[in-house]
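Before any comments, here is the structure.
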Amino acid sequence: MRNTLALILTAGAASPALAASGPFFSLGNTDFVVTLGFLVFIGVLFYFKVPGMIGGALDNRAQGIQSELDEARALRDEAQALLASYERKQKEVQDLAAAIVAAAKDDASLAAEQAKADLEVSIARRLAAAQDQIASAEASAVKEVRDQAITIAVSAANEVIANQMTAAQGNKLIDAAIAEVEAKLH
225 MRNTLALILT AGAASPALAA SGPFFSLGNT DFVVTLGFLV FIGVLFYFKV PGMIGGALDN
285 RAQGIQSELD EARALRDEAQ ALLASYERKQ KEVQDLAAAI VAAAKDDASL AAEQAKADLE
345 VSIARRLAAA QDQIASAEAS AVKEVRDQAI TIAVSAANEV IANQMTAAQG NKLIDAAIAE
405 VEAKLH
């Protein structure tokens with residue numbers, strides 16, 4: 225149908241010139257010769273099935289374009305799936321990073337609390353050591369005061385005894401002290 229319509233249109237388009245004079249169906253009329261040549265050319269094209277080859281080539285080209293479109297759609301779908309996969313992985317990585325940051329904050333908080341507790345224990349230990357040192361120094365000072373008092377008392381007693389005692393009384397006291405020491409040692 226399409227081929228017939230094209231043939232009628234081309235034959236009608238060639239005839240309006242009427243440049244030659246005389247009867248139309250004579251070889252002297254150029255319009256007739258051109259029309260006849262055109263019809264022979266169209267006949268040769270149809271004989272060698274050129275419209276079918278052109279149609280086949282166009283159909284092959286359409287199929288090629290369709291397959292390229294299908295391939296492009298498949299690639300686009302694959303790219304969208306890959307993009308979705310990467311977005312999902314990015315989301316997972318962001319969630320993991322947030323969890324790591326939260327865990328690090330918790331660990332830092334726990335470490336700060338532990339350091340505070342350790343510091344309190346250390347301060348309590350140092351305070352106890354300082355109190356022990358103070359008590360030791362106090363005991364040492366009391367001992368020194370007693371020792372000093374004893375030394376002063378002994379020297380004062382020595383002076384008093386030396387002033388009031390005679391040599392015979394001194395010898396008697398020494399003998400009594402030796403006897404007492406002897407009794408305590410045995």
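Sequential numbering of the sequence shown, starting at 225, is according to our numbering.
Glycine residues also receive a C-beta, built at the ideal position from the N, C-alpha and C atoms.
These numbers come from a predicted model, not from an experiment.
Is it buried or exposed for residue i, if we count other Cβ within 10 angstroms and need 16 for buried?
i	result
Thr254	exposed
Ile390	Rather than Ile, the amino acid found at residue 390 in this sequence is Thr. Exposed, by the Cβ-count rule.
Ala354	exposed
Thr259	buried
For the alpha helix (DSSP H) holding residue i, just list the boundary residues, first then last.
i	result
Asn253	From DSSP, Asn253 is part of no alpha helix (DSSP H); its letter is neither H nor E.
Just to confirm, are residue i and residue j a CB contact at a threshold of 7 Å?
i	j	result
Phe256	Phe249	yes
Using a Cβ-Cβ cutoff of less than 7 Å, which residues in the same chain neighbour residue i once the five nearest sequence positions on both sides are dropped?
i	result
Leu242	Reliability of the predicted coordinates at Leu242 is poor, the pLDDT of 46 falling under 50, and the value obtained from them is presented with this limitation in mind. Excluding positions up to five away in sequence, the list reads Asp255.
With a threshold of 8 Å on Cβ separation, who are the neighbours of residue i within its own chain once the five nearest residues in sequence on each side are excluded?
i	result
Lys396	none
Pro247	Asn253
Val405	none
Near residue i, which residues of its chain fall below 6 Å by C-beta distance, leaving aside the five closest residues on each side in sequence?
i	result
Glu337	none
Does the ligand MG have a heavy atom nearer than 6 Å to the CB of residue i?
i	result
Arg300	Because no ligand of any kind appears in the structure shown, any question about the ligand MG cannot be addressed here.
What ranges does the alpha helix (DSSP H) occupy inside the region 273–303, keeping only unbroken runs of at least 4 residues that lie completely in it? none
Please give me, in chain order, every unbroken run of the alpha helix (DSSP H) with length at least 4 that falls completely inside the region 321–408. Look at the region 321–408 and you find no whole run of alpha helix (DSSP H) that is 4 residues long or longer.
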